[in-house]
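Scroll down for the structure; my scribbles are underneath it.
Chains as they are written, first to last, in my numbering: chain U, 133 to 562; chain W, 744 to 1060.
Structure representation (structure tokens):
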């Protein structure tokens, strides 16, 4: 009797453990056989549009889409864990070419799509703008398809400018003068707001850096964050926030916090990525929706040089054996029709034909469409240091921004950031 | 009356035949019963605790970075040397971890003892008060972080409006370089004091009344009774509370990450060891270095646990 009971328990335990294994994630071989494609996307307006259209894809392709949607940081962590482990549980992944692209390509996480992108002339890889294509190409191989592009533009409050009798600033000097005038005339309202976090501000600061004639590295790849131009840019950006920014300004602001200050009507000028414009013009999210105007980034000593970059792309997991189905999904999600639909929903795309099509900018405020056109022309193709460990590089080159905002010596901070950045660059070369 | 002398059991019938496969397995499992029953727990511990620990230890001795599957080189104690001589991030992080834990623990135990003493004797509405006090404990730490972040927003937050009402100028709270750590300690105290209350209350309830009554008869006042009777008797429980809460406080990550993000803010103002190790592995992808930090951190936790357990033994004697 006892013995039988033991056997019975053993049998139940065995059955349970088999059951549990069956419940755990299935590999890509199973997915391929059952016609499933596993897609991991970030929370973004683009994703919302795609999500709504997925049934359309499922019907036409006969495939089933399993969608995982995560916040930006969680997505990064998820990739770090799963791709590191060589998991084949992801087929299609949405990634940030400039943030993770180099590291992922170096680690061999991204499948080579060179043949696939050139095989379908109807889908038309040549239609893609040059900058975004460069960012999703590694060692001559295409490893991703850009989906969203961004440029930095100036958001401003039409009503405040009108009340103060000011013109839309065209140069950095005019911007500072206007911010000063507004801060002085309406003490409750900041003249200027922008990101302040050490790492998060780097991308938005980059346009100021380029417009002052600087860059993170020089032509030989050495650190250039202590050049005169860079020092001026650090002092200018930080100074605008310190002198004309919100009272009690936090040094942790990323775009949601800075955008909130602008959309709550507490700031006159705000420099930010154009792809976030809906947050400012949607009455459900913004108290000043009707009063928001857009202009190209004001010109510095070197002209107006905003970044013009692909912020997100789609790639195929190298470890997946379901790559053909993954490509089918990407081909559909990045088709001309889908890109047009996304762009009309407020997501600036990377396709030249969509920008050339009047319908492509039909839903944009006119001043924004104009600002984008200008920025696309004189834009710079990166908004952060082009290195493998971008996270660390951003923290290093972002330090003088914070120093400048808090009123510390920006020039000294730039010098020490330069030493640290050069050391970092040397370590990356090894 | 006739008695049928039938064979009594199956084994007798099958005697002489070789045992079947099933019989073999069951005989084996019967002989190794203790191992068989302990096996699931041992496998669980092996896979989920021992393996990661050994793997981390191994990684900490290599220059692993970028991808854990990339080729690595064994570099001995180089990572430990780098970490232990790092006065920019590591040692300040150790300092913050100890400050955070120390200050939070003292506040939680003192407050917790006070509240537990108040709740000790039965009173009207006791149930409701107990439920209300336990509420912070059941809230999700990330949600708690987001909530306090809104309350402490320097421009539109409730905390500064409240201060404004009584004429105090707005404070930077979480966004201030010097005030951020204190603010996160406050959040930790708010959330975890109830747990300390719970443990201490359990201890108080199990105390016998006689010593207290005897002291009362001898004319001891409330303070004397607390400091000379209740507290010494409660010491083992207090140490358990410190032990449990201390380990947890050392490892705090969620509220720090939810309020200040990666790196603990632009000046690393709330970067504790846990936040630092997270940044090293998830942001910098320096797995070797990160593992070294984690092993050192593990040793700090084990060390403090050992000290407290020793203390508890001494008190119990």
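All residues carry an ideal CB built from backbone N, CA and C; glycine is no exception.
Chain W within 9 angstroms of residue i, Cβ atoms only
i                      : result
residue 201 of chain U : no
residue 326 of chain U : no
residue 378 of chain U : yes
residue 398 of chain U : yes
residue 235 of chain U : yes
residue 449 of chain U : no
residue 558 of chain U : no
residue 520 of chain U : yes
residue 536 of chain U : no
residue 392 of chain U : yes
residue 172 of chain U : no
residue 142 of chain U : Note that residue 142 of chain U has pLDDT 46, beneath the 50 cutoff, so the model's placement of it is unreliable and no number is given.
residue 381 of chain U : yes
residue 524 of chain U : yes
Assigned exposure category for residue i - 16 Cβ within 10 Å defines buried
i                       : result
residue 325 of chain U  : buried
residue 931 of chain W  : buried
residue 778 of chain W  : exposed
residue 1050 of chain W : exposed
residue 816 of chain W  : exposed
residue 322 of chain U  : buried
residue 426 of chain U  : buried
residue 294 of chain U  : exposed
residue 384 of chain U  : buried
residue 1040 of chain W : buried
residue 971 of chain W  : exposed
residue 871 of chain W  : exposed
residue 165 of chain U  : exposed
residue 1057 of chain W : exposed
Option in the options with minimal Cα separation from residue i
i                       : options                        : result
residue 561 of chain U  : U:187, U:216, U:233 and U:238  : U:238
residue 809 of chain W  : U:465, U:352, U:359 and U:234  : U:234
residue 847 of chain W  : W:934, W:976, W:964 and W:967  : W:934
residue 897 of chain W  : W:923, W:873, W:876 and W:886  : W:923
residue 805 of chain W  : W:850, W:889, W:1032 and W:829 : W:1032
residue 1048 of chain W : W:981, W:987 and W:837         : W:987
residue 382 of chain U  : W:919, W:960 and W:1035        : W:919
residue 539 of chain U  : U:447, U:503 and U:366         : U:366
residue 388 of chain U  : U:348, U:506, U:533 and U:402  : U:402
residue 335 of chain U  : U:267, U:443, U:197 and U:465  : U:443
residue 546 of chain U  : U:462, U:495, U:348 and U:483  : U:348
residue 328 of chain U  : U:551, U:543, U:529 and U:248  : U:529
Cβ of residue i within 9 angstroms of any chain U Cβ
i                       : result
residue 917 of chain W  : yes
residue 790 of chain W  : no
residue 1026 of chain W : yes
residue 898 of chain W  : yes
residue 810 of chain W  : yes
residue 763 of chain W  : no
residue 1022 of chain W : yes
residue 767 of chain W  : no
Beta-carbon proximity check, residue i vs residue j, cutoff 9 angstroms
i                       : j                      : result
residue 201 of chain U  : residue 355 of chain U : no
residue 416 of chain U  : residue 342 of chain U : no
residue 185 of chain U  : residue 207 of chain U : no
residue 432 of chain U  : residue 303 of chain U : yes
residue 839 of chain W  : residue 953 of chain W : no
residue 515 of chain U  : residue 339 of chain U : yes
residue 259 of chain U  : residue 468 of chain U : yes
residue 361 of chain U  : residue 182 of chain U : no
residue 1044 of chain W : residue 983 of chain W : no
residue 292 of chain U  : residue 423 of chain U : yes
residue 997 of chain W  : residue 884 of chain W : yes
residue 858 of chain W  : residue 936 of chain W : yes
residue 1008 of chain W : residue 330 of chain U : yes
Quiz item: According to a CB-to-CB cut-off of less than 8 angstroms, which residues of the stretch 996–1018 of chain W neighbour chain U?
Solution: The stretch 996–1018 of chain W vs chain U, Cβ under 8 angstroms: 1003, 1004, 1005, 1006, 1008, 1009 and 1010.
Quiz item: What residues from the stretch 770–784 of chain W come within 7 angstroms of chain U, judged by C-beta to C-beta, listed N to C?
Solution: 772 and 773
Quiz prompt | chain U contacts from the stretch 881–894 of chain W (Cβ-Cβ distance under 9 angstroms) | solution = none
Exercise. Name, going along the chain, the residues of the stretch 286–305 of chain U whose beta-carbon falls closer than 7 angstroms to a beta-carbon of chain W.
Key: none
Self-check item: Positions along the stretch 214–245 of chain U whose CB lies within less than 7 angstroms of some CB in chain W
Solution: 216, 218, 235, 238 and 239
Self-check item: chain U contacts from the stretch 810–833 of chain W (Cβ-Cβ distance under 9 angstroms)
Solution: If the cut-off is 9 angstroms between Cβ atoms, the stretch 810–833 of chain W has 810, 811, 812 and 813 near chain U.
Quiz item: Using Cβ-Cβ distances below 9 angstroms, what residues of the stretch 330–345 of chain U are close to chain W?
Solution: From the stretch 330–345 of chain U, only 330, 331, 332 and 333 have a Cβ closer than 9 angstroms to chain W.
Practice problem: Check distances from the C-beta atoms of the stretch 954–988 of chain W to those of chain U and list, in chain order, the residues that come in under 8 angstroms. | Solution: none
Exercise. Pull out every residue of the stretch 906–930 of chain W whose Cβ sits closer than 7 angstroms to any Cβ of chain U, in chain order.
Key: 913, 915 and 918
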